[in-house]
Amino acid sequence: MNLFTTLFLISLGASIIVQWFLVQRHINHIRSNRQQVPEAFNGKIPLEAHHKAADYTQAKVKSGMVELIIGSLFLLIWTLAGGLQLLDNWWRSLGLSEILTGTGFILSIFAIMAILDLPMSIYRTFKIEQSFGFNKMTPKLFITDLLKNTVIGLLIGTPLLLLVLWIMENSGSYWWIYVWGTWLSFSLFMMWAYPAFIAPLFNKFRPLENAELKTRIENLLTRNGFKSQGIFVMDGSTRSSHGNAYFTGLGANKRIVFFDTLIEELSYDEIEAVLAHELGHFKCNHIRKRISVLGSVFLIGLALLGWLINEPWFYNGLGVEQVSNYMALILFVMVSPAFTFFLQPLFSFISRQHEFEGDDFAAGQAQTENLITALVSLYRENANTLTPDPLYSAFHDSHPPAPIRIAHLKSKFA
Ligand SMILES: [Zn+2]
Numbered sequence: 460m461n462l463f464t465t466l467f468l469i470s471l472g473a474s475i476i477v478q479w480f481l482v483q484r485h486i487n488h489i490r491s492n493r494q495q496v497p498e499a500f501n502g503k504i505p506l507e508a509h510h511k512a513a514d515y516t517q518a519k520v521k522s523g524m525v526e527l528i529i530g531s532l533f534l535l536i537w538t539l540a541g542g543l544q545l546l547d548n549w550w551r552s553l554g555l556s557e558i559l560t561g562t563g564f565i566l567s568i569f570a571i572m573a574i575l576d577l578p579m580s581i582y583r584t585f586k587i588e589q590s591f592g593f594n595k596m597t598p599k600l601f602i603t604d605l606l607k608n609t610v611i612g613l614l615i616g617t618p619l620l621l622l623v624l625w626i627m628e629n630s631g632s633y634w635w636i637y638v639w640g641t642w643l644s645f646s647l648f649m650m651w652a653y654p655a656f657i658a659p660l661f662n663k664f665r666p667l668e669n670a671e672l673k674t675r676i677e678n679l680l681t682r683n684g685f686k687s688q689g690i691f692v693m694d695g696s697t698r699s700s701h702g703n704a705y706f707t708g709l710g711a712n713k714r715i716v717f718f719d720t721l722i723e724e725l726s727y728d729e730i731e732a733v734l735a736h737e738l739g740h741f742k743c744n745h746i747r748k749r750i751s752v753l754g755s756v757f758l759i760g761l762a763l764l765g766w767l768i769n770e771p772w773f774y775n776g777l778g779v780e781q782v783s784n785y786m787a788l789i790l791f792v793m794v795s796p797a798f799t800f801f802l803q804p805l806f807s808f809i810s811r812q813h814e815f816e817g818d819d820f821a822a823g824q825a826q827t828e829n830l831i832t833a834l835v836s837l838y839r840e841n842a843n844t845l846t847p848d849p850l851y852s853a854f855h856d857s858h859p860p861a862p863i864r865i866a867h868l869k870s871k872f873a
């Protein structure tokens with residue numbers, strides 16, 4: 460056992476302990492607030508809905524904890540217990556070229572991981588979501604989605620993997636800069652292509668039809684110089700009764716998508732307010748900022764890998780004897796979450812700041828009261844807890860909890 464093994468185990472152990480501690484706090488906090496709807500929501504959220512949100516949240520975080528423990532065990536089996544080395548030996552025995560061996564090796568790891576995740580995924584959909592009345596997915600649709608995802612993943616992932624491994628083998632010690640460039644171009648391409656070519660394979664998107672609503676929305680968009688393919692309504696109700704709205708795409712393919720479940724839930728005024736929030740993300744350049752942050756993190760990560768790839772202790776410390784480019788790549792992908800977990804509060808913080816900025820923008824464009832009532836329905840329909848533990852929330856929440864978000868809106872604009 461070398462020093463790096465010790466470091467890895469300490470970091471993995473610490474991240475599990477911290478997450479365990481946060482989950483316990485979260486559950487206790489929710490339980491102790493279960494009996495009463497927070498004052499600001501009196502009359503807006505019935506006690507029944509508050510109970511449901513508490514129970515649903517607890518069920519989700521508990522199963523998340525089980526997944527974390529199982530995932531960590533698998534990680535140890537892959538690395539220290541020699542799983543990766545065993546699989547690598549098998550691929551090498553086939554006598555293929557280095558790049559083909561690496562591609563087959565990495566794809567087979569993803570396949571095995573997907574199969575191992577399947578029971579949990581079934582449990583999440585058909586047990587948790589089902590028992591709280593959110594699941595609309597049939598077993599048939601579940602299987603079709605799985606097959607589609609596999610085919611698309613293979614079609615896109617295989618050439619990308621071949622290219623990355625080829626670059627690693629043929630472009631000298633600065634390979635990581637070229638891989639970074641490839642990754643960045645690929646991500647931007649996918650952001651552009653996803654809404655137009657991939658999302659429609661899973662969902663139906665129709666342009667918003669209602670004439671009155673459409674005019675109001677188009678006014679809002681032109682007022683803000685937003686050129687897009689417009690507003691789309693997605694049949695989210697085929698899979699789940701959760702509602703949402705999101706901003707997607709790049710360049711000419713950018714669009715705002717409303718779930719049909721949300722459209723049914725909200726008034727025109729509220730829809731306009733939610734749209735203004737999404738537009739706020741665009742106006743405040745949040746997508747560009749997110750790409751910059753992510754791009755920098757990836758560049759640092761790959762530079763680090765550029766160094767690690769030549770250090771035998773990196774492989775040996777993680778249960779691998781045979782050194783190779785593809786092994787370095789997969790080790791890095793598997794192991795880095797144990798180290799980067801502690802950056803999560805920072806990323807969650809940035810994301811929550813962006814949500815506040817989106818809300819500020821929306822409040823300047825539409826009636827603040829409409830955004831507030833829309834948020835209340837959104838949180839109620841999705842059974843999001845109104846009383847998360849503050850520390851848990853700081854770590855995990857990409858969106859501010861409802862009470863904080865609404866208080867923020869009220870303090871600024873009421
Ligand atoms: Zn937002």
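First residue of the sequence shown: 460, per our numbering; consecutive thereafter. Each residue gets a CB set at the ideal place from its N, CA and C atoms; glycine is no exception. Bear in mind the structure is a predicted one, so any value in this text is a computation, not a measurement.
Helix, strand or coil: which one does DSSP assign to residue i?
| i | result |
| --- | --- |
| SER857 | coil |
| SER491 | helix |
| ARG698 | coil |
| ALA704 | strand |
| VAL716 | strand |
| ASN501 | coil |
| ASN461 | coil |
| ASN548 | helix |
| ASN594 | strand |
| PHE876 | Only positions 460 to 873 of the chain appear in the structure, and residue 876 is not among them; the question remains open. |
| PHE685 | coil |
| GLU840 | helix |
| PRO862 | helix |
| GLU588 | helix |
| GLU780 | coil |
| VAL496 | coil |
Between the Cα of residue i and those of the options, spot the shortest distance and give me the residue it belongs to.
| i | options | result |
| --- | --- | --- |
| PHE801 | MET596, ALA473, ILE489 and LEU466 | ALA473 |
| ALA876 | LEU788, PHE585 and ALA821 | With the chain represented from 460 up to 873, any question about residue 876 goes unanswered, as that position is not in the structure. |
| ASN629 | GLU557, ASN712 and PHE808 | GLU557 |
| VAL716 | SER751, TYR653 and MET693 | MET693 |
| ILE863 | GLN812, GLU840 and PHE820 | GLN812 |
| SER491 | VAL477, ASP514, ILE475 and ILE626 | ASP514 |
| ALA822 | LEU667, ALA866 and TYR785 | ALA866 |
| TYR851 | ILE486, SER470, PHE500 and LEU471 | ILE486 |
| ARG749 | LEU466, LEU624, THR562 and SER646 | SER646 |
| PHE808 | PRO598, HIS858 and GLY710 | HIS858 |
| LYS511 | GLU498, GLN494, ASN501 and TYR705 | GLN494 |
| PRO796 | GLY760, LEU605 and ARG747 | GLY760 |
| THR603 | GLU731, LEU805 and PHE661 | PHE661 |
| GLY612 | PRO654, LEU566 and LYS663 | LEU566 |
Name the two residues that bound the continuous alpha helix (DSSP H) containing residue i.
| i | result |
| --- | --- |
| THR720 | 719-724 |
| PHE806 | 803-824 |
| PHE773 | 771-775 |
| GLY765 | 745-767 |
| ARG675 | 670-682 |
| ASP604 | 598-629 |
| ILE789 | 784-799 |
| GLU526 | 506-537 |
| SER644 | 634-652 |
| LYS742 | 727-742 |
| ALA658 | 658-661 |
| SER580 | 557-582 |
List the endpoints of the continuous beta strand (DSSP E) containing residue i.
| i | result |
| --- | --- |
| MET693 | 690-693 |
| ARG665 | 664-666 |
Establish whether the CB of residue i and some CB of chain D are separated by less than 9 Å.
| i | result |
| --- | --- |
| GLY530 | Absent from the structure is chain D; it holds one protein chain and no more. |
Please confirm whether residue i and residue j have their CB atoms less than 9 Å apart.
| i | j | result |
| --- | --- | --- |
| ASN703 | ASN608 | no |
| LEU845 | HIS736 | no |
| ILE475 | ILE536 | no |
| GLN826 | ASN683 | no |
| ASP848 | LEU481 | yes |
| LEU834 | ALA853 | no |
| LEU767 | LEU539 | no |
| GLY708 | MET793 | no |
| ASP576 | VAL779 | no |
| ASN784 | GLY561 | yes |
| GLY695 | ASP719 | yes |
| ARG583 | SER522 | yes |
| PHE685 | LEU667 | no |
| ILE883 | GLU731 | Residue 883 lies beyond the residue range present for the chain, which begins at 460 and ends at 873; the question has no answer from this structure. |
| ALA518 | SER590 | yes |
Starting from the N-terminal end, write out each residue whose C-beta falls within a distance shorter than 6 Å of any non-hydrogen atom of ligand 2. Ligand 2 is not among the ligands present in this structure, which contains only ligand 1.
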